[in-house]
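Undergrad: Sequence lines, in order, name chains A and B.
Under the numbering used here, read the first sequence as residues -2 to 474, first letter to last.
Under the numbering used here, read the second sequence as residues 21 to 408, first letter to last.
Don't be surprised by glycine CBs; every beta carbon is placed ideally from N, CA and C.
Computed from a prediction, not measured in an experiment: that's the story for all the values here.
Before I ask anything, let me first share the structure, which is written out below as structure tokens.
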Amino acid sequence: MLKHRLANFFSQYRLDYPRSLIYILQASEYDIGEYLTWYRQTQDFRRVERRKRLVYTPKAVCLLVLCWLLAVMLLGGTMMFSITRGWYVLPIVLLLLPVILAYGILIPLVLAKFLIQKPAEFFVIRNARTRLASHKAVKVSIAGSFGKTTMREILKTVVAEGKKVAAPPHSYNTPLGISRFIQTLNGNEEVLIFELGEHYPGDIKKLCDLVRPDIGVITGVNEAHLEKFKTLERTTATIFELADYLGEKRMYVNGESERARGALRRGHITYDRTQVGQWQIHHPHTGLDGTAFTMIKDDTKMELHSSLLGLHQIGPLAAAADIALSLGLSPEQVKSGIANTKPFDHRLEPKTDTSGVVTLDDSYNGNPDGVKAVIEFLTSLEGHRRWYVTPGLVEMGPKTEQVHREIGRRLAEAEIEHVILVRNSVTPFIAEGLKSAHYAGKVMWFDDALAAFAALPHLTVRGDVVLLQNDWPDQYR
Amino acid sequence: MKTVAVFFGGRSSEHDVSIITAHTPIIESLLATGEYDVWPVYIAKDGSWYADKAMNNIAYFKQDGWETKIAAQKKVQILFDNGLTLVWPGLMQKTVRMDIAFPAMHGTYGEDGSLMGLLRMANVPFVGCDIFASAVAMDKALTKQVLAAEGVPIVPFVWFTKHDWEQNTDELKEKIVRLRWPLFVKPVHLGSSIAIAKVKDEPQLENAIEVALHYDDKVLVEESVENLIEVTLPIMGNDEPRPAGIERPFNKAEFYDFNDKYLSGNKTGGGVNSQYSEIPAQIDAELAKQVEDFGTRTYRVLGCTGIARVDFLIESERKQVYVNEVNTLPGSLYAHNWKTVGISSVELVQKLVAFAEERFAAHQNLTYTFDSDILKKAGIPKSPGGTA
Chain A
-2 MLKHRLANFF SQYRLDYPRS LIYILQASEY DIGEYLTWYR QTQDFRRVER RKRLVYTPKA
58 VCLLVLCWLL AVMLLGGTMM FSITRGWYVL PIVLLLLPVI LAYGILIPLV LAKFLIQKPA
118 EFFVIRNART RLASHKAVKV SIAGSFGKTT MREILKTVVA EGKKVAAPPH SYNTPLGISR
178 FIQTLNGNEE VLIFELGEHY PGDIKKLCDL VRPDIGVITG VNEAHLEKFK TLERTTATIF
238 ELADYLGEKR MYVNGESERA RGALRRGHIT YDRTQVGQWQ IHHPHTGLDG TAFTMIKDDT
298 KMELHSSLLG LHQIGPLAAA ADIALSLGLS PEQVKSGIAN TKPFDHRLEP KTDTSGVVTL
358 DDSYNGNPDG VKAVIEFLTS LEGHRRWYVT PGLVEMGPKT EQVHREIGRR LAEAEIEHVI
418 LVRNSVTPFI AEGLKSAHYA GKVMWFDDAL AAFAALPHLT VRGDVVLLQN DWPDQYR
Chain B
21 MKTVAVFFGG RSSEHDVSII TAHTPIIESL LATGEYDVWP VYIAKDGSWY ADKAMNNIAY
81 FKQDGWETKI AAQKKVQILF DNGLTLVWPG LMQKTVRMDI AFPAMHGTYG EDGSLMGLLR
141 MANVPFVGCD IFASAVAMDK ALTKQVLAAE GVPIVPFVWF TKHDWEQNTD ELKEKIVRLR
201 WPLFVKPVHL GSSIAIAKVK DEPQLENAIE VALHYDDKVL VEESVENLIE VTLPIMGNDE
261 PRPAGIERPF NKAEFYDFND KYLSGNKTGG GVNSQYSEIP AQIDAELAKQ VEDFGTRTYR
321 VLGCTGIARV DFLIESERKQ VYVNEVNTLP GSLYAHNWKT VGISSVELVQ KLVAFAEERF
381 AAHQNLTYTF DSDILKKAGI PKSPGGTA
């Protein structure tokens, strides 16, 4: 025990300690709150870079150099002082050095943010707003705690069958990210799709002021980012800032999200696996080869098939179909567009290896509704042995225990044959949920996700389905 | 937690293949269970023994200069004291006692029974075939002689030693000429298809024999099976052998050589090529039944235990099945094949460990020594210090 504590203490004096600090700052997108939470929870500073490595961006290099300069200046100054005044200061500075570095590096970060970054961002965003105001395209905005990127990609794929469409790449959903994307537009786009990111109250309103959407989609409300919002009411209010902005304009809301449904207003169009607007949905079916359903309205019937997996995808697909039709696409174009939709990177993306094991990479799905949908999908698979691998979900705030117990309970009810848990602060709650629901399968534990991934090829056989649920960035414990 | 020593490397042409087998799947699967303390025991090409847990990661053997790095390490010694103990000698001597040995050595000094003899002497349970099956299976000619005596179909062949060839070339050539050509020339002790050649005329034959005798001192020449379908059948178990899937390699060359087996696979194939084979082999049901029957019979006749793989040659037009050879340590345990019949690598190594313990327990019940008065009765003088 003493040996362990000593090892932890001296890990702050390793040469890679400054690099570890900068790495976590980078991993948390320079979110000081997230960085400080990690710092306060961390005792062992060895092997901080587990999932990824520090990327030497100009910002990271500057901070790293400043961190080392701070260390050298502190030690040098103390040595000079000690030579003339006595050595009693040196041990104190040595003792405090790791803490001074951890907090000291935030000073240039904060100064740069307010003196350089913010003013620069202000001008970039102002230019983008002006440019977008004169752009003729129909603007569709998507907000929600989960499923935004999937909705964006579905909509983009379907609308592209009949319109010139553009959307920011990756998860560019902040004012700066969207503004940079706006600079790349050539002006002839007919439809623009924006994903609106939310971290704090007021975020969506700010983005609406920038984007000025004509159509809105709310994909759902849940506990994602609850650590920052504190209450689900605040999350709901923030996401529905999009509805506030649109007023009477066309607003789609995911009816399968309980919280979103609870905030519905007159005139909103709900979508789910049974209907969207005036369309009724029939014959839903899903499997490892995709999802099929039929949309019927009056005399019009569309038999649709997508490579996306899970019945929960029917709602977003149907909403995209309805939006596309409202933008002037024909039913044939919509059918073709839906057929072109396929699983996106790390979002229930199936891969079959040479051993005949199907891996469903859902590592970008880290929200309770997504987990519920995926477990429902696993339940629908017959004749397969199923493996559920997860490090749990991050940023669940005060709901952490409840959310993870619920995951355990659902896994037990779905009779998933094998559950692999990665040791951290939240997975014990999943184990408790499994136990409380009398889970009869096998639970295996691994110290980190990489060890679990390495073991999986040795644990699985032909026909097995392995679900990789969520990622666990290094800044979380 | 049981302590397992995985032996690999060795003074064999299949040294590198052994490193792959040891790690994928053996060490990685043992570690994945979380139930074993795994000690990798690496035997270098010069015969030196090393054991270091850093070698549990195959990346160790992919780094530049790994052989030099290993050579700088302290060599490990083996202590037999009614069990197997690894000893790192020195002032701070360290010892670790092993509960189970898991041989992962292909070819000479490993798969040929040598290591099994050592482990029997140590009185430690060990995975895989015992010394007798290993020694016979290592000699392709001897295997065929044993199988032929038991009525298992094999391809007609002629065998000879280097000395025989040098002394009686004409006589042997006469015998060989009577076989139906084309022929295969094979060193009898080497695995992984090393130095095997198909010959169609006498100059090719002499050249192939010269090459084969460069690698081995005993060679066999056998008839080539035309309209050939090659299949292989991994089998595991002690008294009740259980076959895996019948596997058919897709040959790019005329026969399944070393490169096909180990070097042309993909990243996820686990060492042995899975991209170029079909499991289960799409062959006639009657042929498949014969393969399973002859396979399990061969396994029993040779006294195999734990795991082995029986290779077959099928004359597809005449529907004639021949047992070609037996491999007592299939590369990477043919884990890719076991997966297709529902046995994961982890389950495979766990079963093999259980088979090893079962066989060991059975051996413990056998009586090997008994008291006798033969020394008293023998007409030898009593000790010089005794009274006359």
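Given a limit of 9 Å on CB to CB distance, which residues of the region 351 to 365 of chain A reach chain B?
TA: Listed by position along the chain: 351, 352, 353 and 354.
Undergrad: Using a Cβ-Cβ cut-off of 8 Å, state whether residue 365 of chain B counts as contacting chain A.
TA: Locating residue 365 of chain B in the second sequence gives position 345, where the first residue counts as 1. By this cut-off, residue 365 of chain B is an interface position.
Undergrad: Closer than 9 Å between beta carbons: that is the criterion. Which residues of the region 245 to 269 of chain B meet it against chain A?
TA: Those residues of the region 245 to 269 of chain B that come within reach of chain A (Cβ to Cβ, closer than 9 Å) do not exist; the list is empty.
Undergrad: Please identify the residue among A/58, A/432, A/5 and A/344 whose C-alpha is closest to the C-alpha of residue 148 of chain A.
TA: Walking along the first sequence from the start, residue 148 of chain A turns up at place 151. The option with the nearest alpha carbon to residue 148 of chain A is A/344.
Undergrad: Which same chain residues, not among the five before or five after residue 222 of chain A, have their C-beta less than 8 Å away from its C-beta?
TA: Within the first sequence, residue 222 of chain A is the residue found at index 225, counting from 1. Answer for residue 222 of chain A: 142, 195, 196, 232 and 392, listed in chain order.
Undergrad: Which residue marks the beginning of the alpha helix (DSSP H) containing residue 6 of chain A, and which one marks its end?
TA: The count along the first sequence starts at 1 and reaches residue 6 of chain A at position 9. Start and end: -1 to 7.
Undergrad: Opposite residue 57 of chain B in the DSSP bridges: which residues?
TA: Along the second sequence, read from residue 1 onward, the residue named residue 57 of chain B stands at position 37. Answer is B/23.
Undergrad: Going along the region 35 to 69 of chain B in order, which residues come within less than 7 Å of chain A, judged by CB to CB distance?
TA: Per Cβ criterion, the list reads 45, 48, 49 and 52.
Undergrad: Considering only the alpha carbon of each residue, which of A/330, A/126, A/76 and A/171 lies closest to residue 87 of chain A?
TA: Position 90 of the first sequence, counting from 1, holds the residue named residue 87 of chain A. Cα-wise, what sits closest to residue 87 of chain A is A/76.
Undergrad: For residue 467 of chain A and residue 388 of chain A, which I take to be in contact (beta-carbon distance under 8 Å), what is that distance rounded to the nearest angstrom?
TA: Position 470 of the first sequence, counting from 1, holds the residue named residue 467 of chain A. Position 391 of the first sequence, counting from 1, holds the residue named residue 388 of chain A. With a Cβ gap of about 6 Å, residue 467 of chain A and residue 388 of chain A count as contacting.
Undergrad: Closer than 6 Å by C-beta to residue 331 of chain B: which residues in its own chain qualify, once you throw out the five before and the five after it? Chain order, please.
TA: Counting from one through the second sequence, the residue named residue 331 of chain B turns up at place 311. Result list for residue 331 of chain B: 252, 344 and 345, in chain order.
Undergrad: How long is the line joining the alpha carbons of residue 5 of chain A and residue 44 of chain B, rounded to whole angstroms?
TA: Taking the first residue of the first sequence as position 1, residue 5 of chain A is located at position 8. Taking the first residue of the second sequence as position 1, residue 44 of chain B is located at position 24. Roughly 34 Å between the two C-alpha positions.
Undergrad: Just confirm the distance between the C-beta atoms of residue 186 of chain A and residue 161 of chain A, as a whole number of angstroms; I'd bet it's less than 8 Å.
TA: As a working mapping, residue 186 of chain A is identified with position 189 in the first sequence. As a working mapping, residue 161 of chain A is identified with position 164 in the first sequence. Right, the Cβ-Cβ distance comes to about 5 Å (below 8 Å), so this counts as a contact.
Undergrad: By Cβ distance below 7 Å, which residues in the same chain neighbour residue 404 of chain A in space, the five residues on each side in sequence not counted?
TA: Indexing the first sequence from 1 puts residue 404 of chain A at position 407. Closer than 7 Å at the Cβ level, and outside the excluded window around residue 404 of chain A, lie 368, 427 and 430.
Undergrad: Hey, quick one: how far does the beta strand (DSSP E) through residue 267 of chain A stretch, first residue to last?
TA: Within the first sequence, residue 267 of chain A is the residue found at index 270, counting from 1. Element bounds for residue 267 of chain A: 266 to 268.
Undergrad: Tell me the DSSP secondary structure of residue 412 of chain A in three-state form.
TA: Start at 1 with the first residue of the first sequence, and residue 412 of chain A comes out as number 415. Three-state DSSP puts residue 412 of chain A in coil, outside helix and strand.
Undergrad: Return the first residue and the last residue of the beta strand (DSSP E) that residue 342 of chain B is part of.
TA: On the second sequence, position 322 is the one that residue 342 of chain B refers to. First-last of the beta strand (DSSP E) with residue 342 of chain B: 340 to 347.
Undergrad: Kindly say whether residue 464 of chain A, judged by its beta-carbon, lies nearer than 8 Å to any beta-carbon of chain B.
TA: Your numbering for residue 464 of chain A matches position 467 in the first sequence. Not one chain B Cβ lies under 8 Å of residue 464 of chain A.
Undergrad: Look up residue 97 of chain A in the DSSP assignment and say whether it is helix, strand or coil.
TA: Position 100 of the first sequence holds residue 97 of chain A. Here residue 97 of chain A sits in helix by DSSP.
Undergrad: Does chain A have any CB closer than 8 Å to the CB of residue 351 of chain B?
TA: Position 331 of the second sequence, counting from 1, holds the residue named residue 351 of chain B. By this cut-off, residue 351 of chain B is not an interface position.
Undergrad: Between the alpha carbons of residue 323 of chain A and residue 159 of chain A, how many angstroms are there, rounded?
TA: Here residue 323 of chain A corresponds to residue number 326 of the first sequence, with the count starting at 1. Here residue 159 of chain A corresponds to residue number 162 of the first sequence, with the count starting at 1. Roughly 12 Å separates the two Cα atoms.
Undergrad: Given this structure, state the Cα-to-Cα distance separating residue 38 of chain A from residue 32 of chain A, to the nearest angstrom.
TA: Here residue 38 of chain A refers to the residue found at position 41 when the first sequence is read from its first residue. Here residue 32 of chain A refers to the residue found at position 35 when the first sequence is read from its first residue. When rounded, the distance between both Cα atoms is 10 Å.
Undergrad: Cutting at 8 Å between CB atoms, please list the residues of its own chain near residue 339 of chain B, excluding the five before and the five after it.
TA: Counting from 1 along the second sequence, the entry for residue 339 of chain B is found at position 319. Correct list, in chain order: 304, 306 and 307.
Undergrad: Comparing alpha-carbon positions, which option in A/244, A/258 and A/136 lies nearest residue 208 of chain A?
TA: Along the first sequence, read from residue 1 onward, the residue named residue 208 of chain A stands at position 211. The shortest Cα separation from residue 208 of chain A among A/244, A/258 and A/136 belongs to A/136.
Undergrad: Can you tell me the Cβ-Cβ gap for residue 407 of chain A and residue 461 of chain A, rounded? I've got them flagged as a contact below 8 Å.
TA: Residue numbering aside, residue 407 of chain A sits at position 410 when the first sequence is read from its first letter. Residue numbering aside, residue 461 of chain A sits at position 464 when the first sequence is read from its first letter. Not a contact, Cβ separation roughly 20 Å.
Undergrad: Looking at the secondary structure, which residues open and close the beta strand (DSSP E) in which residue 385 of chain A lies?
TA: Locating residue 385 of chain A in the first sequence gives position 388, where the first residue counts as 1. Segment 383 to 387, the beta strand (DSSP E) holding residue 385 of chain A.
Undergrad: I'd like to know if residue 359 of chain B contacts chain A, where contact means its C-beta is closer than 8 Å to some C-beta of that chain.
TA: In the second sequence, the residue the question calls residue 359 of chain B occupies position 339. It does: the Cβ of residue 359 of chain B has a partner Cβ on chain A nearer than 8 Å.
Undergrad: Measure from the C-beta of residue 415 of chain A to each C-beta in chain B and report whether the shortest distance is under 8 Å.
TA: Counted from its first residue, the first sequence places residue 415 of chain A at position 418. Chain B contact via Cβ: absent.
Undergrad: Taking only the alpha-carbon atoms, compute the straight-line gap between residue 463 of chain A and residue 384 of chain A and give it to the nearest angstrom.
TA: Here residue 463 of chain A refers to the residue found at position 466 when the first sequence is read from its first residue. Here residue 384 of chain A refers to the residue found at position 387 when the first sequence is read from its first residue. Rounded to whole angstroms, residue 463 of chain A to residue 384 of chain A spans 5 Å at the Cα level.
Undergrad: For a quick check, are the C-beta atoms of residue 208 of chain B and residue 179 of chain B less than 8 Å apart?
TA: The sequence position of residue 208 of chain B within the second sequence is 188, counting from 1. The sequence position of residue 179 of chain B within the second sequence is 159, counting from 1. In contact: residue 208 of chain B and residue 179 of chain B (Cβ atoms closer than 8 Å).
Undergrad: According to DSSP, what are the bridge partners of residue 140 of chain A?
TA: If you number the first sequence from 1, residue 140 of chain A lands on position 143. BP columns for residue 140 of chain A point to A/215.
Undergrad: Is the beta carbon of residue 247 of chain B within less than 7 Å of some heavy atom of the ligand ZN?
TA: The ligand ZN is not part of this structure, which contains no ligands at all.
Undergrad: I need the straight-line Cα distance from residue 415 of chain A to residue 441 of chain A, nearest angstrom please.
TA: As a working note, residue 415 of chain A is residue 418 in the first sequence. As a working note, residue 441 of chain A is residue 444 in the first sequence. Straight-line Cα distance between these residues: approximately 8 Å.
Undergrad: Which residues in chain B sit within 7 Å of residue 456 of chain A, going by Cβ to Cβ distance?
TA: Position 459 of the first sequence, counted from the start, is the residue given in the question as residue 456 of chain A. Simply 52, 364 and 366.
Undergrad: Between the alpha carbons of residue 278 of chain B and residue 214 of chain B, how many angstroms are there, rounded?
TA: Looking up residue 278 of chain B in the second sequence gives position 258. Looking up residue 214 of chain B in the second sequence gives position 194. Note that residue 278 of chain B has pLDDT 48, beneath the 50 cutoff, so the model's placement of it is unreliable and the number below is only indicative. Answer to the nearest angstrom: the Cα atoms are 6 Å apart.
Undergrad: Am I right that residue 371 of chain A and residue 307 of chain A are in contact with their C-beta atoms under 8 Å? What's the rounded C-beta distance?
TA: Here the question's residue 371 of chain A lines up with position 374 in the first sequence. Here the question's residue 307 of chain A lines up with position 310 in the first sequence. Correct: roughly 7 Å between the Cβ atoms.
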